[in-house]
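In this note's numbering, the protein residues as written are 16 to 602.
The structure is reproduced here in structure tokens:
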């Protein structure tokens, strides 16, 4: 009898282990399909998992990936409920990292909901507390990102500062894709109506798009096309906007598909209306309404998903049985046809390539001649700029020497002689006051004489020099200069440091002389192979017509000098909205 009981218990244990292994395999398969945004496959797997048979950890995992699935299809209410259920299970398991990740997922979900009444602040606060305690740079980056999103409408300038913090943390660990997502949000902030620096927005969209194209992330590329279209609409370049929105529509998107289509068709309807094509405008308004209805009918959508999942499961099983019998024959036919087609294409391609190469050689010769001529002209212009900068430095040196050697000496002699008169002077208060004025004049001359170096020469480096310059130029209650560095962990070539210092110094001087600004932010970011400088003021801004200043280095000469070093120099200014100048320079 005892022997039979032992056998039964042994077989039961084997069954439990096998069942648990099978459930884990299904959960891993669900995770993989949700991550790849395979909507249909994820539906089938969810319908096949019996949550009642799962242990506590498996239940927490299943609820988490179900939430991610429902978020993909824009069923936000169900996603929210499953996130809460998963969080409850993970709290029971004392899995703090999982709880933190769910908190940031809930925050992201709620912020994306239109006119949501759900309070996300507690979820975000819990997440940030955990991120700071663990000092995890990726978690900190995600937290700063969501903080920026939460302030996007109410205070975009404050939001932008959090986005730059998020970017700094993300780049420190080399997370290129997440950094691109942050840059996309920075671009959206610049495009907001409260800032409206559209050229800056396009610049950051281009930086993000470069990463997405390199990684072939088509869905993220679709989002950039939408973002660009919005900017073109605001610039009243409606034809460009339509092209960008149609590109977005042509990309096959799995995640947030319905929401994506509703947004694109709404923007297309607006753009076509603006150019007077009312037929197209009505057509896209009708398409938008279809997706608005889909997004609104949540209860009906749940029933459809359940029925559709069961139907597809049964149909797929039938198809698999039928296909197994003919798949081998089809493979052989396909291989033979593919070889014939490949040979035909190869022969045609080689013939076409031969003709193209001959044409290309002729065109290249012409291009080389034109390029040589353009390079010669550019070299002449850049030599003139170098000479001008050299002359300016010599003039600064000469003025400083003159002040120090001549006027400084005269003031020192005047002070000695004046002190001698104190033996004969009866009006001592007047003497003391005059003596104090001579001291102040002498110190001012010494300050001007030493201003030519300002810390950039020697061991201090660019950042220290800029900070000293900002301190000297700041006038309380009139104009404030803020220096915001990131990633400046090592020195760069002294020649580049000196050039950047002169340019930043000139831009800061322009803010005082011309911009009528009360605050200037100087961002200096150093990456692995690039340094980025952004000088941003809240002054009166300018247009090409109003920018007629001729003193100093000049914006055009700055641009040419940066381009000589294979960098880029971008000016984004709008009357009444201030000016942002961005310098990207490879190291």
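All C-beta atoms, glycine included, are put in the ideal place defined by N, C-alpha and C.
Neighbour-count burial assignment, residue i, 16 or more Cβ in a 10 Å radius
| i | result |
| --- | --- |
| residue 71 | exposed |
| residue 595 | buried |
| residue 550 | buried |
| residue 293 | exposed |
| residue 601 | exposed |
| residue 133 | exposed |
| residue 40 | exposed |
| residue 158 | buried |
| residue 593 | buried |
| residue 677 | The requested residue 677 is not part of the displayed model; the chain covers only 16 to 602. |
| residue 204 | buried |
| residue 268 | buried |
| residue 354 | exposed |
| residue 540 | buried |
| residue 516 | buried |
| residue 364 | exposed |
| residue 578 | exposed |
| residue 558 | exposed |
| residue 66 | exposed |
| residue 112 | exposed |
| residue 494 | buried |
| residue 117 | buried |
| residue 582 | buried |
| residue 454 | exposed |
| residue 361 | exposed |
| residue 189 | exposed |
| residue 169 | exposed |
| residue 357 | exposed |
Other residues of its chain near residue i: CB distance less than 7 Å, five sequence neighbours each side excluded
| i | result |
| --- | --- |
| residue 283 | 257, 260 and 299 |
| residue 239 | 199, 220, 223, 224 and 227 |
| residue 69 | 38 and 77 |
| residue 185 | 156, 193, 194 and 197 |
| residue 536 | 497, 499 and 551 |
| residue 91 | 124 and 128 |
| residue 235 | 227 |
| residue 262 | 240 |
| residue 264 | 279 |
| residue 230 | 192 |
Anticipated Cβ contact below 8 Å, residue i with residue j, distance rounded
| i | j | result |
| --- | --- | --- |
| residue 215 | residue 587 | 4 Å |
| residue 84 | residue 61 | 7 Å |
| residue 270 | residue 306 | Residue 270 to residue 306, Cβ: 15 Å. No contact. |
| residue 162 | residue 177 | 4 Å |
| residue 484 | residue 520 | 6 Å |
| residue 253 | residue 290 | 5 Å |
| residue 172 | residue 210 | 7 Å |
| residue 534 | residue 476 | Actually they are not in contact, since the Cβ atoms of residue 534 and residue 476 sit about 25 Å apart, beyond 8 Å. |
| residue 530 | residue 569 | Actually they are not in contact, since the Cβ atoms of residue 530 and residue 569 sit about 16 Å apart, beyond 8 Å. |
| residue 87 | residue 49 | 7 Å |
Residues that residue i bridges to, as DSSP identifies them
| i | result |
| --- | --- |
| residue 490 | 494 |
| residue 584 | 598 |
| residue 501 | 540 |
| residue 548 | 539 and 598 |
| residue 244 | Per DSSP, none; premise fails for residue 244. |
| residue 534 | 495 |
| residue 589 | 593 |
Beta carbon proximity, residue i to chain D, threshold 8 Å
| i | result |
| --- | --- |
| residue 555 | Looking at the structure shown, chain D is missing, and only one protein chain is on hand. |
Neighbourhood of residue i by C-beta distance below 6 Å, restricted to the same chain and skipping five residues each side
| i | result |
| --- | --- |
| residue 326 | Caution applies to residue 326, whose pLDDT of 40 falls short of 50 and renders its modelled position unreliable; the model cannot decide the point. |
| residue 590 | 556 |
| residue 5 | Past the edges of the chain, shown from 16 to 602, lies residue 5, and the structure says nothing about it. |
| residue 115 | 142 and 145 |
| residue 237 | 263, 266 and 268 |
| residue 93 | 85 |
8 Å Cβ shell around residue i - same chain, five flanking residues per side excluded
| i | result |
| --- | --- |
| residue 545 | 599, 600, 601 and 602 |
| residue 249 | 206, 211 and 213 |
| residue 245 | 206, 256 and 282 |
| residue 310 | 89, 273, 274 and 277 |
| residue 217 | 202, 243 and 246 |
Residue ranges of each alpha helix (DSSP H) run of no fewer than 4 residues wholly in the region 261-307, ordered along the chain? As far as the region 261-307 is concerned, its whole alpha helix (DSSP H) runs of at least 4 residues are 272-289.
Can you give, in chain order, each stretch of the alpha helix (DSSP H) that sits fully within the region 112-166 and has at least 4 residues? Fully enclosed alpha helix (DSSP H) runs of 4 or longer: 136-149 and 152-165.
4-residue-minimum alpha helix (DSSP H) runs that sit fully inside the region 212-256, ordered along the chain: As far as the region 212-256 is concerned, its whole alpha helix (DSSP H) runs of at least 4 residues are 213-230 and 233-249.
Alpha helix (DSSP H) runs contained entirely in the region 42-127, provided each spans 4 or more residues: 54-63, 71-87, 91-107 and 111-127, all fully within the region 42-127.
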